[in-house]
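Q: Protein chains in written order, with the working numbering: chain P, 9 to 196; chain X, 9 to 196. Got a structure for you, written out below as structure tokens; questions coming shortly.
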DNA sequence: TGGCAATTTCAGAAATTTCTGAAAAGACTA
DNA sequence: TAGTCTTTTCAGAAATTTCTGAAATTGCCA
């Protein structure tokens, strides 16, 4: 592995982390290398840095592209493919959440909905269905919230996250104003 | 697999999903069976339902316990161990998020902090460090937000999630008040 | 068209993870 | 203490995933 120690530590850690998610170690490492790189890298440069086979890098990049996590770029007079992560880390977060939702939440919601439609016979099944209903409602609540949040511009999002629970206080304030003033009601 | 079709579909799906997370298929299936069960189950009952070996179930249950995702119970006059998931799905969510944070976010934050302390030489390293700094700040923002949220009672949490972007309108209102009135500033 | 550079594919090797049966360990009872 | 029921451990088997080198494909240029 041909990397400065600082970068190497990060790359190795990210590789391990990757394998706790669905992603395999090499894919995680490729991503890490691109994330900290000063400029887009081509496949051979990644091979050099990580010391894995060319074909492994090719497959890894393909997977990262399927996840929309890297961008393909070209240089004039150079026909190799260059890859980079988005500059904006918030864009990365958005993509990550979006893709995980698409792969994990959406299919589960589909199945849950199907199962909730089924007519069942036994007590055990009725109980199971009730439980699935609870899970379904939870998922719906989260996806509804997420659908709202994703629309926010980043600085609004940061504002909300920074406020944290203080939002609650703002809400209480609103409650008081609403209840007292009457006119403020329209703002809802 | 000895299960009603409805439950079987869910269990199989959950097993697949499990393997997209760090959890293996059997562990996911065990969890699914417990989640929809009417009462706590012992290991042999899980073996029956899933058709896997006793030792596999034993290991799976151990892992679920390490994740705090199942509860061990006993019945009077029966010395077998019985396992159940929490009744309250929100409790499950809380545990899941807490444990994933502990295993994935916290160690990453630790490493990032270490790397940001290091003095570096080259331009490449300086750039890498700047990128790691961006990632670090992002993680800090999220964990700070999470630390706030986890403290909320469930119904408050649901309230916030249900509001979604409408919170933004309240914020805008607050902004206007803050900017215009001056006095409302104190409410922050 | 042939030739070259780059990327992708893919069969099999290597590594890792998961699973099993058998044995060991624990824990309770008589 | 021996006997029984239960859970855990663990070495090796089975299954799956990851990785590689070689070959095939793609796309460009002359």
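A virtual CB, placed ideally from N, CA and C, is assigned to each residue, including glycine.
Quickly, what does DSSP pair residue 81/X with across the bridge? List them, please.
A: 90/X
Q: Report yes if the C-beta distance between residue 65/P and residue 51/P is below 8 Å; otherwise report no.
A: In this structure, residue 51/P lies closer than 8 Å to residue 65/P by Cβ.
Q: Among 128/P, 166/P and 156/P, which has the Cα closest to the Cα of residue 150/X?
A: 166/P
Q: Using 8 Å as the cut-off, can you tell me whether the segment 99-112 of chain X makes contact with the segment 120-127 of chain X, which would need three or more C-beta pairs spanning the two stretches below that distance?
A: Fewer than three pairs of CB atoms, one per stretch, sit closer than 8 Å, so the segment 99-112 of chain X makes no contact with the segment 120-127 of chain X.
Q: So with CB distances below 7 Å, who are the chain P contacts of residue 112/X?
A: 25 and 28
Q: Using a 10 Å radius around the Cβ and a threshold of 16 neighbouring Cβ atoms, would you call residue 191/P buried or exposed?
A: Note on residue 191/P: pLDDT 45, under 50, position unreliable in the model; the coordinate value appears next. Label assigned to residue 191/P: exposed.
Q: Could you check the C-alpha separation between residue 56/P and residue 141/X for me, to the nearest Å?
A: 25 Å
Q: Which first and last residues belong to the alpha helix (DSSP H) in which residue 5/X is found?
A: Residue 5/X lies beyond the stretch modelled for chain X, which goes from 9 to 196, so this question has no answer here.
Q: Exposed or buried, residue 21/X, counting other C-beta atoms within 10 Å across all chains shown (16 or more means buried)?
A: buried
Q: Given this structure, state the Cα-to-Cα distance separating residue 153/P from residue 13/P, to the nearest angstrom.
A: 41 Å
Q: Is any beta-carbon of chain P found at less than 8 Å from that of residue 156/X?
A: yes
Q: Based on DSSP bridge pairs, tell me the residues matched to residue 14/X.
A: Bridge partners of residue 14/X according to DSSP: none are assigned.
Q: Please report the distance separating the alpha-carbon of residue 61/X from that of residue 73/X.
A: 18 Å
Q: Please report how far the alpha carbon of residue 1/P lies from the alpha carbon of residue 156/P, in whole angstroms.
A: In the structure as shown, chain P starts at 9 and stops at 196, and residue 1/P therefore has no counterpart that could be examined.
Q: Which class does residue 42/P belong to by DSSP, given the choice of helix, strand or coil?
A: helix
Q: Tell me the DSSP secondary structure of residue 117/X in three-state form.
A: helix
Q: So with Cβ pairs under 8 Å, would you call residue 164/X a contact of chain P?
A: yes
Q: In whole angstroms, give me the CA-to-CA distance for residue 32/P and residue 32/X.
A: C-alpha separation (whole angstroms): 14 Å.
Q: Between residue 14/P and chain X, is the shortest Cβ-Cβ distance under 8 Å, so that the two count as touching?
A: yes
Q: Residue 173/P CB to nearest chain X CB: under 8 Å?
A: Yes, because at least one Cβ of chain X sits closer than 8 Å to the Cβ of residue 173/P.
Q: Just checking my contact of residue 28/P with residue 30/X at CB under 8 Å: how many whole Å lie between their CB atoms?
A: 5 Å
Q: What in chain X is Cβ-close to residue 75/P, meaning under 8 Å?
A: The contacting residues do not exist; residue 75/P stays about 13 Å from chain X at best.
Q: In whole angstroms, what separates the C-alpha of residue 119/X from that of residue 18/P?
A: 8 Å
Q: Identify the contact partners of residue 123/X in chain P, using a Cβ-Cβ distance below 7 Å as the criterion.
A: When 7 Å is used as the limit between beta carbons, residue 123/X is near these residues of chain P: 14, 17 and 18, in chain order.
Q: Output yes if chain X places a C-beta closer than 8 Å to the C-beta of residue 10/P; else output no.
A: Not flagged as an interface residue toward chain X: residue 10/P, since no C-beta distance is shorter than 8 Å.
Q: Just the chain P side, please: which residues come within less than 7 Å of residue 53/X by C-beta, in chain order?
A: Correct list: empty, because the minimum Cβ distance to chain P is about 12 Å.
Q: Should residue 97/P and residue 146/X be called a contact, given that it needs their Cβ atoms to be closer than 8 Å?
A: yes
Q: Helix or strand or just coil, what does DSSP make of residue 160/X?
A: coil
Q: Would you report the Cα separation of residue 135/X and residue 80/P, rounded to the nearest angstrom?
A: 21 Å
Q: Would you call residue 36/P buried or exposed, if buried means 16 or more other Cβ atoms sit within 10 Å of its Cβ?
A: buried
Q: Report the rounded CA-to-CA distance for residue 63/P versus residue 163/P, giving the unit in angstroms.
A: 40 Å
Q: Could you tell me which residues DSSP pairs with residue 49/X in its beta bridges?
A: The partner list for residue 49/X (beta bridge, DSSP) reads 91/X.
Q: Using only alpha-carbon positions, find the residue among 26/P, 49/P and 9/P that is nearest to residue 116/X.
A: 26/P
Q: How would you list, in chain order, the residues of chain X whose beta-carbon sits under 7 Å from the beta-carbon of residue 132/P?
A: 12 and 46
Q: Report the rounded CA-to-CA distance for residue 183/X versus residue 160/P, giving the unit in angstroms.
A: 16 Å
Q: Hey, does residue 182/P have any beta-carbon neighbour from chain X nearer than 8 Å?
A: Interface residue (Cβ-Cβ distance to chain X less than 8 Å): residue 182/P is classified as such.
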